[in-house]
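Chemist: One structure coming up, written as structure tokens, with questions to follow.
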Amino acid sequence: KQEVTQIPAALSVPEGENLVLNCSFTDSAIYNLQWFRQDPGKGLTSLLLIQSSQREQTSGRLNASLDKSSGRSTLYIAASQPGDSATYLCAVPSWGKLQFGAGTQVVVTP
Amino acid sequence: GAGVSQSPRYKVAKRGQDVALRCDPISGHVSLFWYQQALGQGPEFLTYFQNEAQLDKSGLPSDRFFAERPEGSVSTLKIQRTQQEDSAVYLCASSSRQGTGELFFGEGSRLTVL
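Line order of the protein sequences matches chains U and C.
According to this note's numbering, the first sequence is numbered sequentially starting from 11.
According to this note's numbering, the second sequence is numbered sequentially starting from 11.
In structure tokens form, the structure reads like this:
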């Protein structure tokens, strides 16, 4: 069974610092990986989808890398802002459904 | 519609009551998923529909849980004889592709069983 792990579980940084969020998965035979953001009491918002043929995907201040062979993905958020405070989850397809990590809770302090 | 819509957003039920949670996916999306999210955890898969066909219900925790999508659009998740351990956020997601393409989630329905 695919296992998805996110470390750290929580992260607090001052405004302006770059954020680095890690996601690891046990079965490297994936065809994509998706990063989501979740605000308290809200649903999930898709941030980036990386296909297995890609090594990275960028959207504004967000950059996600994928290393299938090592079973890892990293989400970088440049020049963090207080509005980036949220929980970030990664997910990979496994047997026709998405398998999620538990998320990294991020707090960006002004 | 513009996004995935779920109702009710909040539901409080007494133990033993039946509840029904509704999901309106993005128009034209063929795939629909239900997930359960406990506090501080990632979402856990419940069931998957491709159009009106329920192709995977392996995540439903017990036979008290039932889902349907009779016309291939709106879906309902029903929980019979609710228990306290059913308290969670129930998330619905849809995709334009079969299986796990890019998923778009609703805001969720928060169920509290007293």
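All C-beta atoms in this analysis are idealised placements derived from N, C-alpha and C, irrespective of residue type, glycine included.
All values derive from a computational prediction rather than experimental measurement.
Who are the near neighbours of Val29 of chain C in its chain, counting only those whose CB is closer than 8 Å to its CB and skipping five residues on each side?
Modeler: Within the same chain, Val29 of chain C has close Cβ partners Lys21, Ala23, Lys88, Ile89, Thr92, Leu121.
Chemist: Would you please verify whether the beta carbon of Phe75 of chain C is less than 9 Å from any beta carbon of chain U?
Modeler: So, not an interface residue.
Chemist: If you compare alpha carbons, which of U:Ser62, U:Ser90, U:Asn42 is closest to Gly71 of chain U?
Modeler: It is worth fixing the name first, because residue 71 of chain U is Arg in this sequence and not Gly. Nearest C-alpha to Arg71 of chain U: U:Ser90.
Chemist: Run down chain C in chain order and give the residues with a C-beta less than 9 Å from the C-beta of Ala112 of chain U.
Modeler: Neighbours of Ala112 of chain U on chain C, chain order: Gly50, Gln51, Gly52.
Chemist: Quick one: what does DSSP say Pro92 of chain U is sitting in, helix, strand or coil?
Modeler: Helix.
Chemist: When you compare only the Cα positions, how much space is there between Phe59 of chain C and Pro24 of chain U?
Modeler: Going by the C-alpha atoms only, they are around 43 Å apart.
Chemist: Do you know whose CA, among U:Ala20, U:Asn32, U:Thr68, lies nearest Val14 of chain U's CA?
Modeler: Out of U:Ala20, U:Asn32, U:Thr68, U:Asn32 has the C-alpha closest to the C-alpha of Val14 of chain U.
Chemist: Does the separation of the CB atoms of Val102 of chain U and Ile40 of chain U fall below 9 Å?
Modeler: Yes, the pair counts as a contact, with Cβ atoms nearer than the cut-off.
Chemist: Between the segment 52-65 of chain U and chain C, which residues of the former have a C-beta closer than 9 Å to a C-beta of the latter?
Modeler: Listed by position, the residues of the segment 52-65 of chain U near chain C (Cβ gap below 9 Å) are Lys52, Gly53, Leu54, Thr55, Ser56, Leu59.
Chemist: Using beta carbons (cut-off 9 Å, strictly below), is Ala96 of chain U in contact with chain C?
Modeler: No, Ala96 of chain U lies away from the interface with chain C (no Cβ there is under 9 Å from its Cβ).
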